[in-house]
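Under this note's numbering, the letters of the sequence shown match residues 86 to 285, in that order. Here a beta-carbon is modelled for each residue, glycine too, at the ideal position from N, C-alpha and C. Remarks on the structure that follows.
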Amino acid sequence: MRKSTAAVWEAVHAERRRLAADLSPLRAEQWEVPSLCPGWSVHDVLAHLVDTARTGRVGFVRGMLGARLNFDRLNQLGVLREKRLDPEGTLRALREVSELTRTPPVNPATRLVEAIVHGEDIRRPLGLVGSYPEPAVVQALAYQVRTPVAFGGGRERAAGLRLVDRRTGKAWGAGTEIEADALDLLLTVSGRPVELDPPG
Numbered sequence: 086m087r088k089s090t091a092a093v094w095e096a097v098h099a100e101r102r103r104l105a106a107d108l109s110p111l112r113a114e115q116w117e118v119p120s121l122c123p124g125w126s127v128h129d130v131l132a133h134l135v136d137t138a139r140t141g142r143v144g145f146v147r148g149m150l151g152a153r154l155n156f157d158r159l160n161q162l163g164v165l166r167e168k169r170l171d172p173e174g175t176l177r178a179l180r181e182v183s184e185l186t187r188t189p190p191v192n193p194a195t196r197l198v199e200a201i202v203h204g205e206d207i208r209r210p211l212g213l214v215g216s217y218p219e220p221a222v223v224q225a226l227a228y229q230v231r232t233p234v235a236f237g238g239g240r241e242r243a244a245g246l247r248l249v250d251r252r253t254g255k256a257w258g259a260g261t262e263i264e265a266d267a268l269d270l271l272l273t274v275s276g277r278p279v280e281l282d283p284p285g
């Protein structure tokens, strides 16, 4: 495994463990809080993370065929498959899959996007604060701005914008400048509602 890929998986595995720890104290009603992912509860997003952790190349291809090449349907079927009646069971499943290194036939950075964006989908509505390695957030953002929305990216949302990470000064794209923390930029191009400073 290349050093860069190994670093991706180290960050993903650590984030899965952190999320499981953060969610351990949740009360029953908190599992049904709407996440930032439209139409999904906190429990739904957790089930999706279990599903994607289990999904490798062959499973992804089979799943896409079963979903009639509909990416959204594939994700919904995965949630139905992995969502336990008891959220504690879904949480145990996340712990069980936390060290897996499976991925569809795409860039492993997709797993960084999954871990970070869905981590925030869950944490922000619950008032929890996530902590992510800055290089991992930047790598996930760089991947999202060049990946089409149809494939889970944010290229079209970032079109006509120059996104600037206020901490490092690193920038992506050209056009109207938006300066914010890389995490908020990542969530924005991933289609999440985030309050950003207006262009100055």
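1) Going by DSSP, what residue range makes up the beta strand (DSSP E) through E262?
2) At which residue ranges does the region 162-203 contain complete alpha helix (DSSP H) runs of 4 or more residues, listed in the order of the chain?
3) Any idea what DSSP makes of S126, helix, strand or coil?
4) For R142, count the other beta carbons within 10 Å of its own beta carbon; 16 or more makes it buried, fewer makes it exposed. Which is it?
5) Going along the chain, which residues of its own chain have a beta-carbon closer than 8 Å to the beta-carbon of E167, five neighbours each way excluded?
6) Given that a residue counts as buried once 16 or more other Cβ atoms are within 10 Å of its Cβ, and exposed if not, what is S216?
7) Grab me the residues of A244's own chain with a C-beta within less than 6 Å of its C-beta, minus the 5 sequence neighbours each way, in chain order.
8) Which class does G285 belong to by DSSP, given the choice of helix, strand or coil?
9) Which complete beta strand (DSSP E) runs does the region 90-154 hold, if anything under 3 residues is left out?
10) When you compare only the Cα positions, how much space is there between E241 and V230?
11) Roughly how many angstroms separate the alpha carbons of P172 and A259, rounded to a whole number?
12) Given this structure, state the Cα-to-Cα distance separating P278 from G148, to the nearest angstrom.
13) Between the region 185-203 and the region 218-237, can you find at least three pairs of beta-carbon atoms closer than 8 Å?
14) State yes or no: is the C-beta of P210 within less than 8 Å of the C-beta of V118?
15) What are the start and end residues of the beta strand (DSSP E) that includes V249?
16) Expressed to the nearest angstrom, what Euclidean distance is found between the alpha-carbon atoms of R103 and R180?
17) Quick check: the Cα distance between E184 and E280, rounded to an integer number of angstroms?
18) Short check: CB of P193 to CB of V93, under 8 Å?
In terms of the structure at hand:
1) For the purposes of this step, residue 262 is taken as residue 177 along the sequence shown, with counting starting at 1. T261 to A265 is the span of the beta strand (DSSP E), which, as asked, contains E262.
2) 172-182
3) On the sequence shown, position 41 is the one that residue 126 refers to. Correct three-state label for S126: strand.
4) Here the question's residue 142 lines up with position 57 in the sequence shown. Looking at its Cβ environment, which holds fewer than 16 other Cβ atoms inside 10 Å, R142 is exposed.
5) Taking the sequence shown and counting its residues from 1, the one referred to as residue 167 is at position 82. Cβ neighbours of E167 beyond the five flanking positions: A132, H133, V135, D136, R139, T175 and A178.
6) Translated into the one-based positions of the sequence shown, residue 216 becomes position 131. S216 is exposed by the Cβ-count criterion.
7) One-based indexing of the sequence shown puts residue 244 at position 159. Nothing listed; no residue qualifies.
8) Mapped onto the sequence shown, residue 285 falls at position 200. A caution first: G285 carries a pLDDT of 49, below 50, which makes its placement in the model too unreliable to give a value.
9) none
10) Position 156 of the sequence shown, counted from the start, is the residue given in the question as residue 241. Position 145 of the sequence shown, counted from the start, is the residue given in the question as residue 230. Distance between the alpha carbons of E241 and V230: 8 Å.
11) For the purposes of this step, residue 172 is taken as residue 87 along the sequence shown, with counting starting at 1. For the purposes of this step, residue 259 is taken as residue 174 along the sequence shown, with counting starting at 1. Each residue's alpha carbon lies about 43 Å from the other.
12) Position 193 of the sequence shown holds residue 278. Position 63 of the sequence shown holds residue 148. If you take the alpha carbons of P278 and G148, they lie about 29 Å apart.
13) yes
14) Taking the first residue of the sequence shown as 1, we reach residue 210 at position 125. Taking the first residue of the sequence shown as 1, we reach residue 118 at position 33. Result yes, Cβ atoms of P210 and V118 sit closer than 8 Å.
15) As a position in the sequence shown, residue 249 is number 164, starting the count at 1. Taken as a continuous stretch (DSSP letters only), the beta strand (DSSP E) holding V249 covers L246 to D250.
16) Start at 1 with the first residue of the sequence shown, and residue 103 comes out as number 18. Start at 1 with the first residue of the sequence shown, and residue 180 comes out as number 95. So the alpha carbons of these two residues sit roughly 10 Å apart.
17) For the purposes of this step, residue 184 is taken as the residue at position 99 of the sequence shown. For the purposes of this step, residue 280 is taken as the residue at position 195 of the sequence shown. Looking at the two C-alpha atoms, the distance is approximately 33 Å.
18) The residue you call residue 193 lines up with position 108 of the sequence shown. The residue you call residue 93 lines up with position 8 of the sequence shown. Yes.
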